[in-house]
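Chemist: One structure follows; several queries about it will come next.
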Amino acid sequence: MLERRHPAPPKNREPIIRVRGVEVGFGERTILKGLDLDVYRGEILGFVGGSGQGKSVLTRAILGLVPKRAGTIEVLGRNLDELSPSERRQLERHWGVLFQQGALFSALTVKQNIQLPMREYLHLSDRLLDELAMLKIEMVGLNPDAADKLPSELSGGMIKRAALARALALDPEIVFLDEPTSGLDPIGAGEFDDLIATLQRTLGLTVFMVTHDLDSLYSVCDRIAALGEGRILAEGPIEAMLASDHPWLRSYFHGKRARAVMAGGAQG
Amino acid sequence: MAQGTLTQGPHMAIERTGEQTIVRLSGPWTAPHAEQVEILAGEIAAEADRFPLYLDLSGVERLDTLGAWTLDRARHELSARGQAAFAHASPEQKILLEEAAYRDFREEPKPRQSRAMDFLVDVGQSVAGAGKDLVGGVGFLGELVAALVRVVTHPRRFRGSAVINQLEQIAYRGVPIIVLISFLVGCIVSQQGIFQLVKFGATPFVIDLIGILVLRELGVLLTSIMVAGRSGSAFTAEIGSMKMREEIDALRVMGLDPIEVLIVPRILALIIGLPLLTFISSIAALVGGGLTTWVYGGISPDIFLERLRAAVGMNTFLVGLIKAPFMAVVIGIIATLEGLAVAGSAESLGRHVTSSVVKAIFMVIVLDGLFAMFFAAIRY
Numbered sequence: 143m144l145e146r147r148h149p150a151p152p153k154n155r156e157p158i159i160r161v162r163g164v165e166v167g168f169g170e171r172t173i174l175k176g177l178d179l180d181v182y183r184g185e186i187l188g189f190v191g192g193s194g195q196g197k198s199v200l201t202r203a204i205l206g207l208v209p210k211r212a213g214t215i216e217v218l219g220r221n222l223d224e225l226s227p228s229e230r231r232q233l234e235r236h237w238g239v240l241f242q243q244g245a246l247f248s249a250l251t252v253k254q255n256i257q258l259p260m261r262e263y264l265h266l267s268d269r270l271l272d273e274l275a276m277l278k279i280e281m282v283g284l285n286p287d288a289a290d291k292l293p294s295e296l297s298g299g300m301i302k303r304a305a306l307a308r309a310l311a312l313d314p315e316i317v318f319l320d321e322p323t324s325g326l327d328p329i330g331a332g333e334f335d336d337l338i339a340t341l342q343r344t345l346g347l348t349v350f351m352v353t354h355d356l357d358s359l360y361s362v363c364d365r366i367a368a369l370g371e372g373r374i375l376a377e378g379p380i381e382a383m384l385a386s387d388h389p390w391l392r393s394y395f396h397g398k399r400a401r402a403v404m405a406g407g408a409q410g
Numbered sequence: 022m023a024q025g026t027l028t029q030g031p032h033m034a035i036e037r038t039g040e041q042t043i044v045r046l047s048g049p050w051t052a053p054h055a056e057q058v059e060i061l062a063g064e065i066a067a068e069a070d071r072f073p074l075y076l077d078l079s080g081v082e083r084l085d086t087l088g089a090w091t092l093d094r095a096r097h098e099l100s101a102r103g104q105a106a107f108a109h110a111s112p113e114q115k116i117l118l119e120e121a122a123y124r125d126f127r128e129e130p131k132p133r134q135s136r137a138m139d140f141l142v143d144v145g146q147s148v149a150g151a152g153k154d155l156v157g158g159v160g161f162l163g164e165l166v167a168a169l170v171r172v173v174t175h176p177r178r179f180r181g182s183a184v185i186n187q188l189e190q191i192a193y194r195g196v197p198i199i200v201l202i203s204f205l206v207g208c209i210v211s212q213q214g215i216f217q218l219v220k221f222g223a224t225p226f227v228i229d230l231i232g233i234l235v236l237r238e239l240g241v242l243l244t245s246i247m248v249a250g251r252s253g254s255a256f257t258a259e260i261g262s263m264k265m266r267e268e269i270d271a272l273r274v275m276g277l278d279p280i281e282v283l284i285v286p287r288i289l290a291l292i293i294g295l296p297l298l299t300f301i302s303s304i305a306a307l308v309g310g311g312l313t314t315w316v317y318g319g320i321s322p323d324i325f326l327e328r329l330r331a332a333v334g335m336n337t338f339l340v341g342l343i344k345a346p347f348m349a350v351v352i353g354i355i356a357t358l359e360g361l362a363v364a365g366s367a368e369s370l371g372r373h374v375t376s377s378v379v380k381a382i383f384m385v386i387v388l389d390g391l392f393a394m395f396f397a398a399i400r401y
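Encoded structure:
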């Protein structure tokens, strides 16, 4: 699974998310200073950066959970600031989000969690709702027994999977994954990566993945963007990252841990 | 020939040629068109009559898991009647159809028991639950006393600043609302007293009424109910959310006793704070009563005070105050027990906070009744 995937470069380089000059800050502190970023349709973008550099802040700004001070964000060709509330809700059906802690609704079972967005937006028979929820549960590699469990009864890895199943409930075009493989064992993390790659291939999904997992960066990401000093330090395929001589990128991709992953990749 | 409806959404056309059927599918078979996808898939299953049947995917613009599942389910249902297969699926669609291949998720329904049985089981479970509550409460009281003794014997383990902090939250910040409520209740009781007693020409006796009632019962009851609502709920929520986030376990593995760290300071603060608040509440109610007797009964404050001194003795005052620490212990134990019983979900937290307040108010009133009987028996 460490073998490098050779993605066909996106045929039509149509940006599905377009971030221009975004500035976000809290109080005196400015976190993002005029950040530009494009995410192209059908790609898996790995988003890396040191802790506290604002990876989650950018994700939350795109999702509209954090107000921005300046700049524009376009998703699916629509400027998010110009949307009416109902257009905004329409747009939100086209993305799914996997939060870092899962953010499953604690009072609902896994199946009910997955069915919640479907019930809200799709008008389907109960039988089909049940079947689709079970299908998603199987697709993310959960045991069918987990369907009727409450989030408090699940392990960390199972919570991630259940949350991914919920993010995929509406078959979205874009999925935002916030550290999807953190807290998973290496086998589980590998399966998770494969799952994301399969979904991207079959559904034409665009994946925006905040991650620190070098295995994921090597094996599934088509492109990587590195965040630092409030802007994008570098973006491009993993080779470009390895060739970059920015000190932070060098220590990130050439550190001890990175070398171990590369060595493992060469052997496997 | 059956036709799909909207041109924007998914579309299907059934062609029957000789012995076979070709179902031509086109348009997007995706979640945004979920309703039509489900209807059309049902139509395919209903209309097909000649086999072999081919589902031609060449015209399908987009397919997602919802579309793939629904189509494969239709194909599965048809194959019970004859040969049915997909045709012209692109490699991506094939992978997707494989991922979302139909399988039966339906479980055999659970055997239903009779309603009478369910009812009996419910009753039995609640009785057993109440019994467990009682045993748990007594056990917890024991743990608490043990922790208190440990604190007394090792005064260095006493967390003074925590107690002071809790005293501020429970007593100091509770003063305004308790004063306001007691004042108003004092006014209302004495006004009603005057209206009834004036018929017998016994207006001045309203001072006896208000003095004894407030000092013996009302002050402590009002304070306990307010504290159960204000601080009991806060304890349960604090301890419950700490339990949810494994903070209690973190204390335990550091070798700290959560009862000593979290609960002893809170209960000590309640035991100190509740009598103080009771005193303030009683005074506020007496002031309210005094003002009302002045306005409605024309009794001047001088006479009110003189008559009050004659009507109440030290014992009247002490009866109210003696009860306060007991109320504090009851409120504290119920609140912390409910907090520790919180399980993982937000709903469970809400349920336990509610039940903490309800149980605490109920127990405070029951305890007050027991005290009334006790003081009557010893003629105090």
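The listed protein sequences derive, respectively, from chains X and V. For the first sequence, this note's numbering begins at 143 and goes up steadily by one. For the second sequence, this note's numbering begins at 22 and goes up steadily by one. All residues carry an ideal CB built from backbone N, CA and C; glycine is no exception.
Determine the direct distance from the alpha carbon of residue 48 (chain V) to that of residue 28 (chain V), and round the result to whole angstroms.
Modeler: Note that residue 28 (chain V) scores 48 on pLDDT, short of 50, meaning its location in the model is unreliable; the coordinates nonetheless yield the value given after this. Roughly 8 Å between the two C-alpha positions.
Chemist: Could you name the residues that DSSP lists as bridge partners for residue 47 (chain V)?
Modeler: For residue 47 (chain V), which the question treats as bridged, DSSP gives the partners V:32 and V:80.
Chemist: Check for me: the alpha helix (DSSP H) holding residue 118 (chain V) runs from which residue to which?
Modeler: From DSSP, the alpha helix (DSSP H) with residue 118 (chain V) extends over 112-120.
Chemist: Name the DSSP beta bridge partners of residue 366 (chain X), please?
Modeler: X:188 and X:378
Chemist: Any beta carbon from chain V within less than 8 Å of residue 398 (chain X)'s own beta carbon?
Modeler: no
Chemist: Between residue 289 (chain V) and the rest of its own chain, which residues show a CB-CB distance below 7 Å, the 5 nearest in sequence each way excluded?
Modeler: Closer than 7 Å at Cβ, skipping near neighbours: 184.
Chemist: Buried or exposed: which applies to residue 276 (chain X), given that a residue is buried once 16 or more other Cβ atoms fall within 10 Å of its Cβ?
Modeler: buried
Chemist: Report the three-state DSSP secondary structure of residue 187 (chain V) (helix, strand or coil).
Modeler: Helix.
Chemist: From the DSSP secondary-structure annotation, give me the bridge partner or partners of residue 165 (chain X).
Modeler: Note: residue 165 (chain X) is bridge-paired with X:212 in the DSSP secondary-structure output.
Chemist: In the structure shown, what three-state DSSP assignment does residue 151 (chain X) receive?
Modeler: In this prediction, residue 151 (chain X) scores a pLDDT of 49, lower than 50, which makes its location untrustworthy; the coordinate-derived value is nonetheless stated afterwards. Coil, per DSSP.
Chemist: On the DSSP letters alone, give me the boundaries of the beta strand (DSSP E) that residue 107 (chain V) sits inside.
Modeler: That run of the beta strand (DSSP E) goes 105-108.
Chemist: For residue 368 (chain X) versus residue 351 (chain X), is the C-beta spacing smaller than 8 Å?
Modeler: no
Chemist: Quick one: which unbroken alpha helix (DSSP H) runs of 4-plus residues sit fully inside the region 301-356 of chain V? Chain order, please.
Modeler: 322-332
Chemist: For residue 260 (chain V), is the classification buried or exposed, using 16 other Cβ atoms within 10 angstroms of its Cβ as the cut-off for buried?
Modeler: Buried: at least 16 other Cβ atoms inside 10 Å.
Chemist: Quick one: which chain X residues come within Cβ less than 7 Å of residue 90 (chain V)?
Modeler: 273, 274 and 277
Chemist: How long is the line joining the alpha carbons of residue 261 (chain X) and residue 247 (chain X), rounded to whole angstroms?
Modeler: 15 Å
Chemist: Taking contact to mean at least 3 C-beta pairs separated by less than 8 Å, is the region 159-177 of chain X in contact with the region 328-347 of chain X?
Modeler: no
Chemist: Could you tell me the boundaries of the alpha helix (DSSP H) in which residue 145 (chain V) lies?
Modeler: Per DSSP, residue 145 (chain V) belongs to the alpha helix (DSSP H) from 136-174.
Chemist: List the residues that DSSP assigns as beta-bridge partners of residue 174 (chain X).
Modeler: X:166
Chemist: Have a look at residue 225 (chain V) and residue 358 (chain V) and give me their C-alpha separation to the nearest angstrom.
Modeler: So the two alpha carbons sit approximately 47 Å from each other.
Chemist: May I have a chain-ordered list of the beta strand (DSSP E) segments no shorter than 3 residues that lie completely inside the region 282-355 of chain X?
Modeler: 316-320 and 348-352
Chemist: Compare the C-alpha of residue 365 (chain V) against each of V:110, V:300 and V:265 and name the closest.
Modeler: When V:110, V:300 and V:265 are compared, the shortest CA-CA separation from residue 365 (chain V) is found for V:265.
Chemist: Exposed or buried, which one is residue 286 (chain V) when buried takes at least 16 other CB atoms within 10 Å?
Modeler: buried
Chemist: Which residues, in order along the region 362-396 of chain X, keep a beta-carbon less than 8 Å from a beta-carbon of chain V?
Modeler: none
Chemist: Following the continuous beta strand (DSSP E) through residue 239 (chain X), name the residue where it begins and the one where it ends.
Modeler: Run containing residue 239 (chain X): 237-240, per the beta strand (DSSP E) assignment.
Chemist: Measure the CB-CB distance between residue 46 (chain V) and residue 89 (chain V) and report whether it falls below 8 Å.
Modeler: no
Chemist: What ranges does the alpha helix (DSSP H) occupy inside the region 241-284 of chain V, keeping only unbroken runs of at least 4 residues that lie completely in it?
Modeler: 254-265 and 268-274
Chemist: Can you tell me whether residue 365 (chain X) is buried or exposed, with buried defined as 16 or more other CB within 10 angstroms of its CB?
Modeler: buried
Chemist: Please classify residue 182 (chain X): does DSSP put it in a helix, a strand, or coil?
Modeler: Taken through DSSP and simplified to helix, strand or coil, residue 182 (chain X) comes out as strand.
Chemist: Which residues in chain V have a C-beta closer than 9 Å to the C-beta of residue 339 (chain X)? List them in chain order.
Modeler: By Cβ distance, chain V contributes nothing, its closest Cβ being about 11 Å from residue 339 (chain X), past 9 Å.
Chemist: Tell me the rounded alpha-carbon separation between residue 162 (chain X) and residue 91 (chain V).
Modeler: Those two C-alpha atoms are separated by around 40 Å.
Chemist: So who's on the other strand from residue 375 (chain V), going by DSSP bridges?
Modeler: DSSP lists no bridge partner for residue 375 (chain V).
Chemist: For residue 237 (chain V), is the classification buried or exposed, using 16 other Cβ atoms within 10 angstroms of its Cβ as the cut-off for buried?
Modeler: buried
Chemist: Using only alpha-carbon positions, find the residue among V:306, V:317, V:161 and V:167 that is nearest to residue 233 (chain V).
Modeler: V:306
Chemist: Listed in chain order, which residues of the region 64-83 of chain V have Cβ atoms closer than 8 Å to some Cβ of chain X?
Modeler: 83
Chemist: If you check the beta carbons only, do residue 181 (chain X) and residue 159 (chain X) fall under 8 Å apart?
Modeler: Yes, these two residues count as a Cβ contact at 8 Å.
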